[in-house]
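S.K.: Each step along the sequence shown adds one to the number in the UniProt record's numbering, with nothing skipped, and position 104 is 104.
Yeah, the Cβ is synthetic: ideal placement off N, Cα and C, and Gly gets one too.
After the structure tokens below, expect a handful of questions from me.
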Amino acid sequence: TAESKSADAVKEKTQKLRSAEEFQRNLLLSVFHKFTILLTEHLLTSEAEGRDFNSYWYKWVTGRFKQIFLSQSDEVWKLCSELETSLFTNDIDSHILEIFHQFRALRR
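Dropping the structure here:
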């Protein structure tokens, strides 16, 4: 019947939406993880070589990192507690944590 086909179509669209949301969630987690690794490596290398970490490259990368937080803010807010417990923990460098804390402060 038409009603059954409509219900099946809604069910299919709902499943596609859930899949897309899960993909987006995983993508954002991956991007944040990669930025965190990249910045951590830069900070450690700079310290080991006795260089100032606050280079133009560092400023550019942290700017892009902040831009992702802001441009994807609606989705990031949904992930905040997960990000806080799995990625932005106290063992992360304070310079990187500060970026996350700045974003969180926007809603406090």
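(1) Does DSSP classify Thr89 as helix, strand or coil?
(2) Comparing alpha-carbon positions, which option in Leu70, Glu21, Val61, Lys13 lies nearest Thr40?
(3) Quick one: measure Cβ to Cβ for Leu29 and Leu79, integer angstroms, because I've assumed they're closer than 8 Å.
(4) Which residue marks the beginning of the alpha helix (DSSP H) containing Asn26, and which one marks its end?
(5) Quick one: what does DSSP say Phe53 is sitting in, helix, strand or coil?
(6) Could you have a look at Gln72 and say whether DSSP puts it in helix, strand or coil?
(7) Hey, could you find the ends of the alpha helix (DSSP H) Leu97 is sitting in?
(8) I'd like to know whether the C-beta atoms of Phe88 and Leu97 end up nearer to each other than 8 Å.
(9) Taking Phe32 and Leu83 to be in contact with their CB atoms under 8 Å, please state how far apart those CB atoms are, rounded to whole angstroms.
(10) What is the C-beta distance between His42 and Tyr58, in whole angstroms, given that I count them as a contact (C-beta under 8 Å)?
M.R.: Taking the geometry as given:
(1) coil
(2) Val61
(3) 7 Å
(4) 2–49
(5) coil
(6) coil
(7) 94–105
(8) yes
(9) 6 Å
(10) 6 Å
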